[in-house]
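Residue numbers (numbering that gives the first Met the number 0), protein chains in the order written: chain A, 0 to 290; chain B, 0 to 312. For glycine and all other residues, C-beta sits at the position ideal for the given N, C-alpha and C. Because the structure is a prediction, the values reported are computed rather than measured. Reviewing the structure listed below.
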Amino acid sequence: MSDHEGVVTGLIFRKGAKRGRSARRDVTAVVKYGLVSLIALFTIYPLFLMVMLAFGSSGSVQMPNPIPSRFTTDNFAAALQTTSVARWTLNSLMKAGISVIITLIVSSMAAYAFAKLRFRGRSSLFWVILSMLMVPGQLTVVPLYLMVANAGGMNTYWGLIVPELANVQAVFLMRQFILDLPDDLVDAARMDGASEFGIYRRVIVPLILPIMATLGIFLFLWQWNDLLWPLLVTSASNMYTLTVGLSTMETLAPPLGQLMATSTISFIPSIVVFLVLQRYIRGGIAMTGMR
Amino acid sequence: MPGALVEGRGRGRSAIGGRVVQSGAADVNETAGWLFVLPVTGLFLAFRIAPTIGAFGLSLSSYQLGGAIQWAGVTNYARLISDPAFWQSLRVTVVYCVIGTPLLILVALGCATLLNSIGRGGWIFRALLFLPYVTNLVLASIIWRWIYAADATGLLNSVLRVFHIPPLDLLNNATSVLPAIAVMATWQSYGYAMMVLFAGLRNIPGEYLEAAGIDGARTMSAFRHITLPLLRPTLLFVLMITTVGAIQVFDPVYVMTSGGPAGASTSLVFMLYNQGFQAFDYSYTAVIGVVVFIMCIGVSLVQWRMMRSGVER
């Protein structure tokens, strides 16, 4: 066979082989995307059901078809009237919002001290705090309850917020982050005569904003979804958080539509936080998983 | 010599400044340091350390609502050991861990692997699969309680009815109640474990797997011999937080089953809650808390050991 024919034959054969390989790749891709779409569907379905039931007028949902025959917002209106959902939402917002802000400030200050300042007892104190990671909340919950109740903290915002401000992960993660910041920045600011608090405010905080954002999101979600502590420390319906209110409402067997409407309300801030800030969530998980 | 350059020696000192500035800076450091950690230290002392010590003290005393605190030594522990309700709740918790943890890890690992092999548009699926984690267990319990509803209005039984299968009452059956709760809890929380494992998979250099591919290794054995060992620290971390979370299960029990039927889903923490806030026996509650604490520490220690031995290998 001449060189020319050889080359052409080779080209044809190679092309044929490549087409076979890429065809196999296509089938694999279809299977993969199909599978993950199925899983995603199963995962989302219960939430979809919740929203459908929330917007369906009573009796208009004939299972297993979840789409209501009549859409309405009556369930939301009824929930707002017969329960203290609005108040519960406010309480949850106050609890989560105030907790996150205070925890971030207080933990970042301590993290800066642990990372960049030298003082006696620094490592012992840090290890004592770290050891609290080992203590599950259920061990301390009863003594905490007794303490707070005796101090008049039942059904108050401070009783709801203050006991949960001490967060080990927040201190630990921010300290890790600040340790990686170059010392020269801090020293240069010191040479310029800045006070320690000034350094903290103008040098450190701007640099740790990303981790504060990520941490803040996780803290907010955790605080928003917290059940046990608010359950113990509130007994008056107007001080319940959304989680406590929802669980109490459930035991009273209200109309399904109202229950789902209230659940949907409790879900909205979470999903807003998630959608808007999911980039930080993904980055944060990568950070915590890399221990 | 005063005023001479001071070597940094990696201790964060800049090269400028004589001894006077240094000692001054050290003093300021000391005060500032303590001031900065003061709020956190105060919070931890008051709301973490003191209650922990208090819990141990309570467990050794006898204190009920309206009564006075009296020293009781180990009588509470003795009472616990001879209490069938305790052994029941311990068994429930262990069974729940044994069912729920592997389920969650398998689902999370499977999804993470699948997501890792998807290029374009993967982020949409990652967001969707993570979504339930953003909800809370109360909401999840409410939805799933309805899904599991015993009559045909619930999702599960209405679907079964289409196939002429008689309805199942999963939450009222002592054998099926724990798996049913485990499925719900897996749905709600597998997103986090999946993302951690996904990050771990992403960190495995592609060259290792490519090399295996060139050598003709098939996908399954490449997974077993290359991916899994490299994923080991991340896997152990996920295993640890999942197990500790399963030991502490409370929300679904409180919302969905109230510990029923007949105590078949009463976990340790649910029993703790009952003892503290239905029976108001605070010292007995503290003892259960100590048991939960020991279990969590035990699990963490075992898995921490496994992590270290892996590193040495």
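| said: Would B:Asn172 and B:Pro251 qualify as a contact pair, given that the criterion is a beta-carbon distance under 9 Å? | reply: Taking 9 Å as the Cβ cut-off, B:Asn172 and B:Pro251 do not qualify as a contacting pair.
| field | Where B:Asp82 sits in the DSSP three-state scheme | value | Of the three classes helix, strand and coil, the one that applies to B:Asp82 here is coil, per DSSP.
| request: Verify whether the separation of the beta carbon atoms of A:Val204 and A:Ser107 is less than 9 Å. | output: The Cβ-Cβ distance between A:Val204 and A:Ser107 falls below 9 Å.
| So which residues on chain A does B:Asp250 lean against when the C-beta distance must stay under 7 Å? | Near B:Asp250 (Cβ distances below 7 Å), the residues of chain A are Leu226.
| request: Step through the CB atoms of chain B and report whether any lies within less than 9 Å of the CB of A:Ala193. | output: Not closer than 9 Å to any Cβ of chain B, the Cβ of A:Ala193 fails to qualify, so no.
| query | By how many angstroms is the C-alpha of A:Thr240 removed from the C-alpha of A:Leu316? | reply | Past the boundaries of the shown model lies residue 316 of chain A; chain A is included only from 0 to 290, so the question cannot be answered.
| query | So what does DSSP say about B:Gln277, is it helix, strand or coil? | reply | Coil at B:Gln277, not helix or strand.
| task | Pick out the complete alpha helix (DSSP H) segments inside the stretch 200-248 of chain B, 4 residues or longer, and give them in chain order. | result | If only complete runs of 4 or more residues are kept, the stretch 200-248 of chain B shows the alpha helix (DSSP H) at 205-213, 218-221 and 227-246, in order along the chain.
| said: Can you list, in chain order, the residues of its chain with a C-beta nearer than 7 Å to that of A:Ile198? Leave out the 5 residues immediately preceding and following it. | reply: Within the same chain, and ignoring the five residues on either side of A:Ile198 in sequence, the residues whose Cβ sits closer than 7 Å to its Cβ are Val185, Ala188 and Arg189.
| Given B:Leu64 as reference, the closest of B:Gly275, B:Asn202 and B:Pro165 once Cα atoms are compared | Among B:Gly275, B:Asn202 and B:Pro165, the Cα nearest to that of B:Leu64 belongs to B:Gly275.
| request: Reducing DSSP to helix, strand and coil, say where A:Gln61 ends up. | output: It is coil, neither helix nor strand.
| said: If we require 4 or more residues per run, which alpha helix (DSSP H) segments fall completely within the stretch 58-99 of chain A? | reply: Whole alpha helix (DSSP H) segments, 4+ residues: 73-81.
| message | With a threshold of 7 Å on Cβ separation, who are the neighbours of A:Ile128 within its own chain once the five nearest residues in sequence on each side are excluded? | response | Counting only Cβ-Cβ distances below 7 Å, and skipping sequence neighbours, we find Val167 and Val170.
| query | Beta carbon of B:Leu154, beta carbon of B:Ile146: below 9 Å? | reply | Judged by their CB atoms, B:Leu154 and B:Ile146 are nearer to each other than the 9 Å cut-off.
| Any idea which residues DSSP pairs B:Gln63 with across the strands? | Looking at the DSSP assignment, B:Gln63 forms a beta bridge with B:Asp280.
| Considering A:Ala150, what are the terminal residues of the alpha helix (DSSP H) in which it resides? | Where A:Ala150 is concerned, there is no enclosing alpha helix (DSSP H), given that its DSSP letter is neither H nor E.
| So, is the C-beta of B:Trp70 closer than 9 Å to a C-beta in chain A? | With 9 Å as the cut-off, B:Trp70 does not count as an interface residue toward chain A.
| query | When you compare each of A:Arg200, A:Met259 and A:Leu226 to B:Phe35 by their alpha carbons, which one comes out closest? | reply | Of the residues A:Arg200, A:Met259 and A:Leu226, the one whose Cα lies closest to the Cα of B:Phe35 is A:Arg200.
| query | Leaving out the 5 sequence neighbours to the left and right, which residues in its chain are closer than 6 Å to A:Ser83 when beta-carbon positions are compared? | reply | Beyond the five residues adjoining it in sequence on each side, A:Ser83 comes within less than 6 Å, by CB distance, of Ser236 and Asn237 in the same chain, given in chain order.
| Counting only beta-carbon atoms, is B:Tyr281 nearer than 9 Å to chain A? | Chain A places a beta carbon closer than 9 Å to that of B:Tyr281, counting this residue as a contact.
| request: Provide the residue span of the alpha helix (DSSP H) that contains A:Met173, from first to last. | output: Here the alpha helix (DSSP H) through A:Met173 covers Val167 to Leu178.
| query | So what's A:Gly55 in DSSP terms, helix, strand or just coil? | reply | Note: A:Gly55 maps to strand in three-state DSSP.
| task | Quick one: give me the first and last residue of the alpha helix (DSSP H) that B:Ser157 is part of. | result | Taken as a continuous stretch (DSSP letters only), the alpha helix (DSSP H) holding B:Ser157 covers Leu154 to Val161.
| query | For B:Phe222, is the beta carbon positioned less than 8 Å from some heavy atom of the ligand GTP? | reply | For the ligand GTP, the structure offers nothing, since it holds no ligand at all.
| said: Quick check on the burial criterion: 16 or more other C-beta atoms within 10 angstroms. Buried or exposed for B:Glu209? | reply: Around the beta carbon of B:Glu209, fewer than 16 other beta carbons lie within 10 angstroms, which makes this residue exposed.
| Taking the alpha-carbon positions, what's the A:Gly256 to A:Thr71 distance? | One Cα belongs to A:Gly256, the other to A:Thr71, and the distance between them is close to 10 Å.
| query | With C-beta atoms as the reference, is B:Leu167 less than 9 Å away from B:Leu159? | reply | Annotated as proximal: B:Leu167 and B:Leu159, with beta-carbon spacing under 9 Å.
| query | Under 7 Å Cβ-Cβ, which residues of chain B neighbour A:Ala112? | reply | Here the neighbours are Gly32, Phe35 and Val36.
| said: Please return the same chain residues whose Cβ sits closer than 8 Å to the Cβ of B:Val254, not counting the five positions on each side in sequence. | reply: Correct list, in chain order: Leu136, Val137, Ser140, Ile141 and Arg144.
| request: Could you tell me the boundaries of the alpha helix (DSSP H) in which A:Ser123 lies? | output: Per DSSP, A:Ser123 belongs to the alpha helix (DSSP H) from Arg121 to Ser130.
| Is B:Pro131 closer than 9 Å to B:Ser61 when the C-beta atoms are compared? | 9 Å or more divides the Cβ of B:Ser61 from the Cβ of B:Pro131.
| said: Determine, for A:Gly55, whether the minimum Cβ-Cβ distance to residues of chain B falls below 9 Å. | reply: It does not: the Cβ of A:Gly55 has no partner Cβ on chain B nearer than 9 Å.
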